[in-house]
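Report on the following structure.
Residue numbers (this note's numbering), protein chains in the order written: chain Z, 1 to 283; chain D, 1001 to 1283; chain X, 2001 to 2283; chain L, 3001 to 3283.
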């Protein structure tokens, strides 16, 4: 599949941006037309998807981005941003160290949840089903069994170790429902997500409510974003929190800030003090 | 200046976000009220500034963000994003490596330009002047002389090595002028920037037009963003380009992509082949 | 499996380092005893493994580290280091952006190869076999079939797209053989690696020689390093190249250096110029 | 100063490494000769300096590297490494986020101290003085006054907020003294550093002893490393700690580890809960 480009130009080809002296176009649109006419979230869509979104689509994307900007300085990404800022690096470096930790465990649930929803939809497609009623429930149950068989203990996008109910999820789902009622999105993935919630409650014997990753995954799936792109969208959102906390920390006067105040030391669990074995080679 | 917090809680205090089980507030606003009501750019403003912007302010911020998302794969940040993506890391890692290079030379012109404009404004303030006519010209000339005396050869925000006229700048300035006419901003920094352009032309004997960094600096200064925050806003904007290019590259099938195709090697300029000096110590 | 620490001290417990005012111990050894007595590679071993290595073990580790420091500015990691350095960031930031791209595809072959060798050894262990003769060949063939069945097309650690024979591999294997002859290592993984090479030649009909990743994987496996640690060791080694190239580039005077010279532009492959669709909502 | 390369090859020229199919040379030495003959620290020297070190020089470099590998999980770099590792990223990414924070405040003291020592040496050179007796004291006093006049409150390399006496410093100085006695280094910078210590004690009325940054700066200055390279050497050393702690943390089972245990929340210092202002524009 690997290309064999003959020139540096081909090696660096792109469909995103075109440039000549005095001219700059994104996906074919002159930059000076885009500026002032489209919002930041629409620009995110245009660059990642290739076309401009409908206004109703842009609103949903915007809601998803707004919901994910920050979850406090306990989150590793935000803690890293704050600590980095006290070490004498640029604010871009602090942001980079922060978003660099948005890996599979800290930033990946949305991506995993979109992929999970898409696999359920594929099960429905394979049987010519839409996303209604018993067919959905059956596809959800089958996919959740597959997940459990693969050893996955937590369904991505559901449950929260801190919030009994994540306050972002119901509000995001309300927006999806409104958009579905207006025909802006199909509502298929909202139905799938709710069927997952129902199946989870049935299996666990208690409600495991959708969290922000689940609800934004519904939005991203409804809008047609590929799973890997959804990680990127989450990164964009959380970058706002990283920036804000880095900036706030830069005003604090802390220097070389570690995870706990200097007067609290850690527990050492290694071997007791010992002598270096004799070194006979004279060094 | 250093705080002496007594508890981990104080060590990690913040004015940005408040959280309890089931509750999440940003700057005092419940997240479920913000979602769907404010746009992504407004959320950027709220988190970094502490208050919500006026709609007209948000529009200007949005225009600045839209204008800075990307400048092609020749830019080091975007090249890094693309190369990283072929190395088998997550898209967040590719974005991190990319924005990590937005340092003083690649991403710092906007911040430097805001600081430059603010110093000119301070000269005017110190003399009780507004930003009109001869007073501006004098303050600009004085500050540019100070810059030259400090050895700065390129005034940040003016001139472009690729674009004779940067197509983003005039459009951004048009939006600033409209906002000033509507009373949404003062227009003071637009006047300062134009005076800089005039003074530059006078000194160099040819037009050195404002570039995207200069025009976004006008917007950021009009909106009251501190210089260091402006670097962060640029990082947010360019993150969109980094994400888009990383994603596009991930579809390309390239593996381990370096700066030039594999069949082109670099010029070696070091010493000719030579033998290792005798090692008498038996290793 | 998650711990439930009751204090910040427990949350940050470690067996690597112990500290009190005026005292600093690594794995139980006072730092002032270690300094001047053990080499840098021995310190790497002590911190990652918990005990000091034998001198012969340290020599092998050292050889592996020396062999992997650099492979030229075409490698994405090194290119990133050089580009970053022209952007106005610190040398630590340039190194960070560089090693951040040492992912599964660019820096992961060693780790994958160690894991591959260990799986072969487990097949032998399961049957009570040492690493000799026909038993090795059978275990190798079985594991390679498993790899092929899993869709893996390139056996990690063998073959090189640039070097017909990677000059580092034979020399590293020579050192392993010497150490095995002296009883410093078992030689088991050297035998496994050579059996892989033989099986590969049989299957492909031509020699696919061991490369640097394969030979260092032999060393790491002989020395008992866990696969994930081997990625880390490679990162340490390549950091030397990243530092050296970043430093050299910092002397070059290049600013904002992208992948190709500024006068060469990329091939644009997107849509032709087009007008922005009418925006009826008055923005 | 900027080069105007005509080809990609020239744009990526280097004096560090030469490569052809089957051939790989560093600074002119064939890699297969270097492997097994020189140690890791010697390779660091060769790549950064261009020539091989004397064995006695390599020993001093090695001691400096050994002394700086780690200072516990309270240090931001190490904390970042551990936190990153719980977020589901690769060990290279954890190391990158960690060393990325080794900025001016956290990792820069060594570099700053080398530069400080070099400025003192220049004062001596300018007056044709060696580093003995009264001349040194005068040059030190003059440079420290210059530092104080520039607003620098802490002389880099001296004093420690945790260790009354940093146990690494006396041991490192002992090695420098031995090397000076053997003629391997001049001892000039050891004399300068001690004169700084004496002058500091005189000015502050109490001993502010040399710390690890000061003592390694003596070594780096004696060995002729440029200040910016010294930051890089510190990064190499601390990468060992980052790797070790990331690896240890990966075995802990912690997920998404933040700076304090989950049951301890931060102090919120922002505005009290408040309602979103009325939004009349219908969004």
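All C-beta atoms in this analysis are idealised placements derived from N, C-alpha and C, irrespective of residue type, glycine included.
query	result
Span separating the alpha-carbon of residue 3003 of chain L from that of residue 3046 of chain L	Bear in mind that a pLDDT of 49 at residue 3003 of chain L, under 50, signals an unreliable position, so the number given afterwards is only what the model happens to contain. Roughly 25 Å between the two C-alpha positions.
8 Å contact criterion, which residue 3319 of chain L and residue 3157 of chain L should meet: CB distance rounded	The structure shown does not extend to residue 3319 of chain L, since chain L is modelled only from 3001 through 3283, so no value can be given for it.
Reference residue 72 of chain Z, options Z:270, Z:27, Z:87 and Z:98, closest by Cα	Z:98
Residue burial classification, residue 1001 of chain D (beta-carbon count within 10 angstroms, cutoff 16)	Any reading at residue 1001 of chain D must be qualified, since the residue scores a pLDDT of 39, below 50, and its modelled position is unreliable; the value itself is stated next. Answer is exposed; the Cβ neighbour count stays below 16.
Boundaries (first-last residue) of the beta strand (DSSP E) holding residue 1025 of chain D	1023 to 1026
Separation of residue 3038 of chain L from residue 1282 of chain D, as counted between CA atoms	Its pLDDT being 39, under 50, residue 1282 of chain D is placed unreliably by the model, and the measurement read from it follows with that caveat. Looking at the two C-alpha atoms, the distance is approximately 11 Å.
Ranges of the alpha helix (DSSP H) found wholly within the region 3014 to 3079 of chain L, counting only runs of at least 4	3031 to 3034, 3040 to 3049 and 3055 to 3067
Spatial neighbours of residue 2079 of chain X in its chain, beta-carbon cut-off 6 Å, leaving aside the 5 residues before and after	2073
Cutoff 9 Å: residue 283 of chain Z Cβ touching any chain L Cβ	Below a pLDDT of 50, predicted positions are generally treated as unreliable, and residue 283 of chain Z, at 37, falls in that range; the measurement from the model is reported next regardless. True, the Cβ-Cβ gap to chain L drops below 9 Å.
Residue environment, residue 2235 of chain X, which counts as buried when at least 16 other CB atoms sit within 10 Å	buried
Amino acids of chain D, ordered along the chain, whose beta-carbon sits closer than 7 Å to that of residue 2012 of chain X	Neighbours of residue 2012 of chain X on chain D: none; closest Cβ ~11 Å, over 7 Å.
Where the alpha helix (DSSP H) through residue 1204 of chain D begins and ends	1188 to 1204
Endpoints, the alpha helix (DSSP H) within which residue 3145 of chain L is located	3133 to 3149
Range of the contiguous alpha helix (DSSP H) that encloses residue 2219 of chain X	2212 to 2223
Closer than 9 Å to chain L by CB, residue 1059 of chain D	no
Residue 3261 of chain L beta carbon less than 9 Å from that of residue 2014 of chain X	no
Contact residues within the region 1086 to 1108 of chain D, judged by C-beta distance below 9 Å to chain X	1086, 1087, 1088, 1089, 1090, 1093, 1094, 1096, 1097, 1098, 1100, 1101, 1102, 1103, 1104, 1105, 1106, 1107 and 1108
For residue 1229 of chain D and residue 1115 of chain D, the rounded distance between their alpha carbons	11 Å
Alpha helix (DSSP H) runs wholly inside the region 223 to 268 of chain Z, at least 4 long, in chain order	227 to 250
Of the listed residues D:1254, D:1267, D:1226 and D:1245, nearest to residue 1113 of chain D (C-alpha basis)	D:1226
Test: residue 156 of chain Z CB closer than 9 Å to a CB of chain D	no
Any chain L beta carbon closer than 9 Å to residue 2001 of chain X	At residue 2001 of chain X the pLDDT is 39, less than 50, meaning the model places this residue with poor confidence; the figure from the coordinates comes in the next sentence. So, interface residue.
Member of D:1272, D:1257 and D:1217 whose CA lies at the smallest distance from the CA of residue 1065 of chain D	D:1217
Status (buried if at least 16 other CB within 10 Å, exposed otherwise) for residue 3091 of chain L	buried
Nearest to residue 985 of chain D (by Cα), restricted to the options Z:56, Z:63 and Z:54	Absent from the structure is residue 985 of chain D, since the part of chain D shown begins at 1001 and ends at 1283.
Candidates Z:12, Z:209 and Z:205: closest to residue 194 of chain Z by CA position	Z:209
Residues near residue 2027 of chain X by beta carbon distance below 6 Å, same chain, minus five either side	2046 and 2050
Within chain X, partners of residue 3039 of chain L - CB distance below 8 Å	2039, 2040, 2041, 2062 and 2066
Host alpha helix (DSSP H) of residue 3011 of chain L (start-end)	3008 to 3011
Chain-ordered neighbours of residue 3168 of chain L on chain X, where CB pairs are closer than 9 Å	2024, 2031, 2032 and 2035
Beta-carbon proximity check, residue 215 of chain Z vs residue 69 of chain Z, cutoff 9 Å	no
Candidates D:1203, D:1192 and D:1185: closest to residue 1153 of chain D by CA position	D:1203
The region 1127 to 1145 of chain D touching the region 1236 to 1253 of chain D, judged by at least three CB pairs closer than 8 Å	no
C-beta neighbour in chain L for residue 2248 of chain X, strict 9 Å	yes
Contacting positions in the region 209 to 237 of chain Z - beta carbon closer than 7 Å to chain D	228, 229, 231, 232, 235 and 236
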